[in-house]
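Number of protein chains: 4
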Amino acid sequence: MSGLRLVTAGESHGPAELCVLEGVPAGLRVEATSIDRDLARRQRGYGRGGRMDIERDCVRILAGVRLGRTLGTPVCLLVENRDHDSWRPSMQPEPEEGWIVDAVTVPRPGHADFAGMAKYDTGDARDILERSSARETVGRVAAGSIARLLLAEVGVEVRGFVRSLGGVGLSIDFPGLDAAEVDWASVDTSECGCPDPAVEREMKDLVDSARLSGESLGGVFEIWAWGMCPGVGGFASVGDRLDGRLMGAVGSIPAIKGVEIGMGFAAADLPGSGVHDPFHAGLGAVVRPTNRAGGLEGGMTNGMPLILRAAMKPIPTLMKPLASVDLRDGSEVSAHKERSDVEAVAAARVVGEAMVALELASAYLEKFGGDTVGQFRSSVHVYEAGLEERGLWRRS
Amino acid sequence: MSGLRLVTAGESHGPAELCVLEGVPAGLRVEATSIDRDLARRQRGYGRGGRMDIERDCVRILAGVRLGRTLGTPVCLLVENRDHDSWRPSMQPEPEEGWIVDAVTVPRPGHADFAGMAKYDTGDARDILERSSARETVGRVAAGSIARLLLAEVGVEVRGFVRSLGGVGLSIDFPGLDAAEVDWASVDTSECGCPDPAVEREMKDLVDSARLSGESLGGVFEIWAWGMCPGVGGFASVGDRLDGRLMGAVGSIPAIKGVEIGMGFAAADLPGSGVHDPFHAGLGAVVRPTNRAGGLEGGMTNGMPLILRAAMKPIPTLMKPLASVDLRDGSEVSAHKERSDVEAVAAARVVGEAMVALELASAYLEKFGGDTVGQFRSSVHVYEAGLEERGLWRRS
Amino acid sequence: MSGLRLVTAGESHGPAELCVLEGVPAGLRVEATSIDRDLARRQRGYGRGGRMDIERDCVRILAGVRLGRTLGTPVCLLVENRDHDSWRPSMQPEPEEGWIVDAVTVPRPGHADFAGMAKYDTGDARDILERSSARETVGRVAAGSIARLLLAEVGVEVRGFVRSLGGVGLSIDFPGLDAAEVDWASVDTSECGCPDPAVEREMKDLVDSARLSGESLGGVFEIWAWGMCPGVGGFASVGDRLDGRLMGAVGSIPAIKGVEIGMGFAAADLPGSGVHDPFHAGLGAVVRPTNRAGGLEGGMTNGMPLILRAAMKPIPTLMKPLASVDLRDGSEVSAHKERSDVEAVAAARVVGEAMVALELASAYLEKFGGDTVGQFRSSVHVYEAGLEERGLWRRS
Amino acid sequence: MSGLRLVTAGESHGPAELCVLEGVPAGLRVEATSIDRDLARRQRGYGRGGRMDIERDCVRILAGVRLGRTLGTPVCLLVENRDHDSWRPSMQPEPEEGWIVDAVTVPRPGHADFAGMAKYDTGDARDILERSSARETVGRVAAGSIARLLLAEVGVEVRGFVRSLGGVGLSIDFPGLDAAEVDWASVDTSECGCPDPAVEREMKDLVDSARLSGESLGGVFEIWAWGMCPGVGGFASVGDRLDGRLMGAVGSIPAIKGVEIGMGFAAADLPGSGVHDPFHAGLGAVVRPTNRAGGLEGGMTNGMPLILRAAMKPIPTLMKPLASVDLRDGSEVSAHKERSDVEAVAAARVVGEAMVALELASAYLEKFGGDTVGQFRSSVHVYEAGLEERGLWRRS
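Protein chains in written order, with the numbering used here: chain A, 356 to 751; chain B, 356 to 751; chain C, 356 to 751; chain D, 356 to 751.
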């Protein structure tokens with residue numbers, strides 16, 4: 356096996372969420388505290404409801420790490436669900452004789468409930484919603500944290516911000532030539548994950564009014580990754596293309612309804628001369644004055660920053676519930692209320708960062724191999740030195 | 356193995372393009388002529404250049420089919436490249452001693468050339484562009500043709516149309532409740548793959564003027580699939596989610612820069628009550644008056660038509676070539692011209708249909724199993740009868 | 356995804372061993388106590404050393420099971436390593452500043468130590484041996500326990516026994532026509548996993564004398580599976596063949612040096628008429644008076660019991676240690692002693708059962724599909740009824 | 356993707372056999388003639404029947420190779436079935452209206468016929484036997500030929516010989532320390548693939564008498580691979596273990612009933628001191644005076660030659676046919692005769708070489724990465740230099 360392979364498991368109110376990440380080279384420094392920082396970022400956000408406070412996720416490293424360094428073996432990261440005990444017996448793994456557990460019989464529009472109840476032939480939507488819940492992404496973020504550490508070893512960084520919330524958003528498009536175009540420090544301190552404090556204020560106002568009116572909101576987040584040399588990914592086989600892989604990875608995050616790279620949908624409306632990025636002779640390497648492609652050409656990194664946007668639909672559980680049907684008897688009722696976030700775009704952005712980091716790290720490992728971080732790094736350096744020598748690219 | 360597994364091979368001017376499709380059940384009626392119809396659709400389009408006339412792709416079935424029916428074994432479909440002979444010796448597999456083949460040393464912006472030359476350490480972009488070419492999609496379309504036949508056995512149909520071309524497009528959004536909303540007959544006869552003749556005329560005018568000015572165009576196509584019962588796909592594992600799988604599959608088509616499902620990016624700007632599709636009690640089954648989700652909830656089909664849009668960037672080879680650099684000596688030059696299509700959105704839509712059909716057929720096979728079409732169909736029918744009995748869904 | 360997908364994680368003296376099993380249909384009754392029974396069987400055996408007493412593995416179900424039934428989501432089974440605390444700080448995941456952990460610098464012949472130290476560029480064999488340890492098979496056995504439950508739903512049972520130990524073994528070959536040929540009750544009570552009490556006594560004598568002389572022993576175990584209808588597995592693709600899949604699965608168990616099916620190596624020495632199993636007309640179905648093929652023909656089950664044997668090499672850690680080299684300085688020394696089992700063939704047999712059960716259950720799921728146990732079982736029944744009607748096979 | 360991925364397709368009397376091999380690095384010199392040499396070796400052998408003469412397989416390279424060098428793209432190798440035309444209409448892909456094709460209704464013991472007819476719900480065994488035929492291995496051998504070329508780039512060679520035929524075999528066991536122990540030149544010229552001319556004469560006599568008596572024979576072949584550095588393969592995940600991977604790969608060859616590595620089953624009968632290979636201090640590197648492990652420890656190469664044996668059952672089609680049942684009416688009849696080889700162990704050995712080469716090459720690529728042969732080779736060299744420096748291993 357080469358590349359990373361991720362498995363997650365866990366029900367939202369079951370004993371725990373966890374992930375197993377295979378393929379991490381040996382010798383990577385990993386500490387629980389740095390993973391916890393990403394988990395905390397996943398929990399924050401202006402529009403989050405009450406459960407976030409209860410949980411404060413903390414990872415326990417169960418496998419694959421010894422004395423602060425990976426062993427090259429599967430890494431298992433476990434996050435206990437702190438409120439599991441209060442969900443007994445409903446969510447306990449053990450059978451409960453002589454106890455009737457209330458079934459959730461009204462599917463919530465926009466959730467997996469209805470299709471899941473059809474699929475799994477169950478009258479209790481709880482059998483579905485516990486796993487289809489966005490809480491599953493805890494495992495992805497934890498694994499993504501490892502992927503980020505690995506990418507950092509070869510000079511690659513992945514970050515994201517919220518571009519718009521419920522229609523309120525940044526009015527400018529960044530050229531995408533340099534990571535410094537975005538004010539990442541502001542992103543980090545923003546409760547909405549937004550780099551522009553003025554826009555953030557508007558976003559918070561919108562959240563406040565949505566909360567009052569029992570509404571929910573969605574938004575668009577943007578992920579940047581930079582420091583990648585050209586040639587990661589590929590076009591030889593359908594599954595090599597990094598565009599498809601990244602769209603698939605980010606598109607697998609619950610509530611994501613669209614993904615675009617670089618100019619994305621806007622590219623479809625312009626003539627070729629306004630879309631493609633010309634090459635020019637630079638000092639010692641080819642340079643490109645634009646990055647409209649968003650860092651990918653022909654299914655590969657092209658040496659420019661990767662820029663990807665994803666659209667998140669509004670949280671489907673509204674305090675002003677939508678019409679639904681009780682599947683026990685077919686009567687029309689209001690949908691069940693399971694959660695009370697108004698929006699979670701800043702959190703989804705953290706999941707997006709994780710998915711992009713996992714996919715990039717995997718593509719790097721597939722290209723460069725290496726059972727240890729040292730071997731991996733050394734292969735990358737030899738390759739990058741070759742590019743530099745050929746005048747194709749140089750690390751800035 | 357369950358589900359479909361696709362491999363394609365072939366260089367654009369090499370001997371042939373081909374695909375091997377594993378996992379097709381036995382007993383499916385397959386004929387070369389019906390595959391050829393899809394291949395012809397892939398070649399057509401108002402903006403196509405001269406090569407399309409030369410080629411007229413015809414498939415040869417090499418394996419997996421006996422006397423017009425699949426055997427359950429890998430299906431191999433081969434399309435000879437008719438102009439291969441005129442590309443000798445440059446593109447022949449055999450070594451050519453004492454013959455100097457001209458190298459392509461100027462990477463074309465927007466293509467795989469530059470990143471590929473970096474990746475594969477070659478000074479000749481022909482080593483790259485022959486495989487990164489969109490001609491690779493011949494194999495996908497041929498395989499998709501088999502997937503469509505399989506889906507037809509369980510009442511599922513997949514079709515697509517061009518929604519916009521270079522910014523000229525349909526002004527309305529279809530409700531997406533019924534396939535009959537789209538005038539598919541007009542789509543079929545349209546040179547631009549557009550259901551509205553008035554819009555098509557505008558599109559053709561735009562193509563004409565782009566051709567005159569040496570420009571190229573992109574556009575947006577929309578794929579519909581209907582007849583799927585709810586519960587295909589899943590949310591148990593990251594890779595089960597049909598949203599991500601479809602975005603990944605369509606996003607792996609060359610030149611696609613964005614994919615969205617249902618309302619897509621527009622959903623990010625609206626409040627929850629304007630996005631989610633309520634349930635109502637219908638005659639014998641739950642009904643939904645809207646399909647803003649585009650047929651997927653929780654990573655699964657929800658019983659409504661699937662609606663997916665993809666953005667294609669303009670063809671990167673412009674007759675008015677973009678600035679580039681000759682990598683032999685670093686001098687600034689104009690990019691190499693390999694092809695002369697002005698646009699190929701209608702063709703890309705056919706590839707999109709194929710990728711959606713392959714992914715849906717695979718998800719169906721994973722859920723229902725079956726080594727023969729009869730076994731597969733029978734499992735689907737038993738499941739659908741159960742949904743009907745439970746009042747969840749009925750085939751219209 | 357269809358079929359089962361297994362991931363295990365855990366270091367021998369790390370916090371825990373665990374597995375995640377994806378693809379289990381919903382509605383399967385699972386209880387920790389029945390998994391614990393298999394884990395206990397894995398720990399028993401006449402030749403085991405002291406650690407087995409310390410551990411007494413108990414599983415904790417972390418995911419995929421609600422109120423005693425699977426949800427169709429990934430099942431996670433965790434077994435804490437009870438002696439982990441006494442291995443701090445050496446085996447803790449957290450970094451330990453200012454503390455020197457003793458390195459294991461002498462590779463043990465027959466273990467992963469040497470090749471692993473080369474691979475992972477480490478001077479401490481503990482980085483290797485903690486994961487290469489047979490304790491990794493805890494996760495396989497726990498997962499196998501789920502696979503057995505699933506197989507039981509369609510009338511398939513998997514069991515194994517020890518055929519020989521250090522050269523002492525059963526002198527007869529069972530015809531393999533009927534599971535009742537083997538005295539499974541004796542196997543269960545035997546400390547050596549052997550169905551013949553007289554042979555078992557010999558085996559124990561051999562273990563006793565090996566223990567005295569500081570030696571270790573290997574042996575051969577035999578796995579039977581019965582109740583499978585013909586046609587599970589396949590020949591369409593290389594990876595479909597159940598022979599290869601089973602040999603690969605059992606051959607991946609640490610210490611296994613050979614695997615054979617049916618007559619196995621003996622078949623190579625006989626003429627065709629002495630190896631192949633003729634067909635005869637029976638009452639309502641074809642019958643076969645012999646099962647020399649061991650239940651597989653053409654990569655598929657053929658309706659007869661599956662019979663598979665595997666050779667386990669002697670435990671590589673001897674109390675009378677083998678010659679080795681200290682890799683710190685190249686000096687010749689005696690190998691490190693990590694464990695003190697004399698033999699573990701009965702335990703390896705339990706792992707073998709698990710691997711066979713996992714592979715068979717996966718092949719069943721791939722063929723029959725089904726998101727719930729009910730759907731799965733129903734597809735199997737429809738298929739089996741068809742075979743019966745065609746006079747090909749009937750469940751006895 | 357990293358590592359090799361092989362797909363084969365083709366029916367025995369259909370238009371062609373072919374393979375697609377993904378993951379081959381760019382820049383590997385490949386010529387059809389060298390592949391044809393391996394294909395010819397697969398067709399030879401003292402016990403082969405008449406069809407071998409008709410066919411004389413010749414490969415046509417359809418994709419992945421330009422001017423004698425791989426491109427890094429999928430390699431497609433096609434072998435036309437020369438007698439396909441004489442099998443029309445029975446084996447043509449096109450439907451044949453108004454023509455009745457004779458069905459094969461009597462399953463042959465030892466073949467896929469019976470289980471396949473059950474699986475695919477067909478009354479015509481030809482639907483089964485065309486693909487389950489050993490002719491499928493043409494594609495494996497062609498792909499294996501590419502794998503060998505790649506391994507040769509890093510100093511690894513794979514070869515095999517026939518150890519025994521119908522019980523007649525070599526009486527000695529090679530120490531396995533050095534490839535020169537086997538007289539490979541004699542193997543190459545032997546019609547039975549046997550290194551000892553005296554034994555070969557006995558084998559031929561046995562074949563002659565088997566032919567006279569209408570019998571068929573099986574045998575044991577042995578594959579050696581040498582030049583591998585230690586640390587290829589792994590133990591981190593179940594699927595990393597090279598033992599299991601190799602047993603699975605060789606066990607997937609039709610007619611193989613057992614696979615063993617190193618001492619194999621003999622190791623199960625001996626005490627640990629007689630099985631494990633001690634380490635000694637050598638000149639500049641650790642040395643081992645024995646290779647009873649057969650080159651694998653802990654799922655990895657250990658720097659010694661890999662030695663693997665496989666048992667092939669006798670050809671199941673006998674000229675003196677076995678009893679069977681006509682499935683049309685249930686009457687007892689003699690089995691259908693499709694082929695007339697007496698034995699094909701020398702040929703199966705060539706397939707075994709191919710499967711071992713593919714698996715080793717894949718494990719190498721997974722460990723070392725590299726999009727070009729140069730990058731791949733350079734990673735291997737850096738790693739091997741490190742081993743040498745650490746005194747662990749040196750290339751002899």
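Every residue, glycine too, gets a C-beta built ideally from N, C-alpha and C.
Rounded C-alpha distance that separates residue i from residue j
i, j, result
"D:Lys-692", "D:Pro-676", "7 Å"
"C:Asp-543", "C:Ser-389", "15 Å"
"D:Ile-603", "C:Glu-485", "Note that residue 603 of chain D is Gly in the sequence shown here, rather than Ile. So the two alpha carbons sit approximately 25 Å from each other."
"D:Ala-387", "D:Gly-427", "17 Å"
"A:Arg-596", "A:Phe-590", "5 Å"
"D:Val-496", "D:Ser-367", "15 Å"
"D:Cys-549", "C:Ala-622", "19 Å"
"A:Phe-469", "C:Gly-599", "41 Å"
"C:Val-697", "C:Gly-404", "7 Å"
"A:Asp-684", "B:Arg-749", "17 Å"
"C:Met-618", "A:Ala-716", "47 Å"
"D:Leu-601", "D:Arg-704", "14 Å"
Identity of the residue in the options nearest residue i by Cα
i, options, result
"B:Pro-660", "B:Leu-426, B:Gly-582, B:Ser-519 and B:Ser-568", "B:Gly-582"
"B:Ala-540", "B:Asp-560, B:Gly-478, B:Arg-514 and B:Leu-394", "B:Arg-514"
"A:Pro-464", "A:Tyr-719, A:Ile-670, A:Gly-548 and A:Leu-651", "A:Ile-670"
"B:Leu-532", "B:Arg-392, B:Gly-365, B:Asn-646 and B:Leu-638", "B:Asn-646"
"C:Val-385", "A:Leu-572, A:Asp-440 and A:Gln-447", "A:Gln-447"
"B:Glu-435", "B:Ser-628, B:Leu-625, B:Glu-491 and B:Phe-731", "B:Glu-491"
"A:Asp-393", "A:Val-537, A:His-439 and A:Ala-702", "A:Ala-702"
"C:Glu-687", "D:Leu-638, D:Leu-506 and D:Arg-421", "D:Leu-638"
Rounded Cβ spacing between residue i and residue j (contact assumed at less than 8 Å)
i, j, result
"B:Ala-640", "B:Leu-747", "6 Å"
"B:Ala-498", "B:Leu-432", "7 Å"
"A:Leu-561", "A:Leu-520", "6 Å"
"C:Ser-679", "D:Pro-626", "Contact flag wrong, Cβ pair sits at about 18 Å."
Closer than 7 Å: residue i CB and nearest the ligand PLP heavy atom
i, result
"C:Ser-545", "No copy of the ligand PLP occurs in the structure displayed, which carries no ligand at all."
Quick check: the region 724-733 of chain D against the region 723-736 of chain A, are at least 3 beta-carbon pairs closer than 8 Å? The region 723-736 of chain A makes contact with the region 724-733 of chain D, as at least three CB pairs between them are under 8 Å.
How do the region 524-533 of chain D and the region 417-426 of chain D stand: do at least 3 beta-carbon pairs fall below 8 Å, yes or no? In short, these stretches do not touch, since the Cβ pair count stays below three.
How do the region 441-453 of chain C and the region 464-480 of chain C stand: do at least 3 beta-carbon pairs fall below 8 Å, yes or no? By the criterion of at least three beta-carbon pairs nearer than 8 Å, the region 441-453 of chain C is not in contact with the region 464-480 of chain C.
Count the C-beta pairs between the region 497-506 of chain A and the region 699-709 of chain A that are closer than 8 Å, then say yes if the count reaches three, no if not. Counting C-beta pairs closer than 8 Å gives three or more between the region 497-506 of chain A and the region 699-709 of chain A, which meets the contact rule.
Given 8 Å, three or more beta-carbon pairs between the region 606-616 of chain D and the region 613-626 of chain C: Contact holds between the region 606-616 of chain D and the region 613-626 of chain C, because three or more Cβ pairs, one in each stretch, are under 8 Å apart.
Would you list, in sequence order, the uninterrupted alpha helix (DSSP H) runs of no fewer than 4 residues that lie entirely inside the region 589-613 of chain C? Complete alpha helix (DSSP H) runs here, min 4: 597-606.
If you scan the region 672-737 of chain B from start to end, which runs of the beta strand (DSSP E) of 3 or more residues do you find wholly inside it? Note on the region 672-737 of chain B: whole beta strand (DSSP E) runs with a minimum of 3 residues are 678-681 and 686-689, in chain order.
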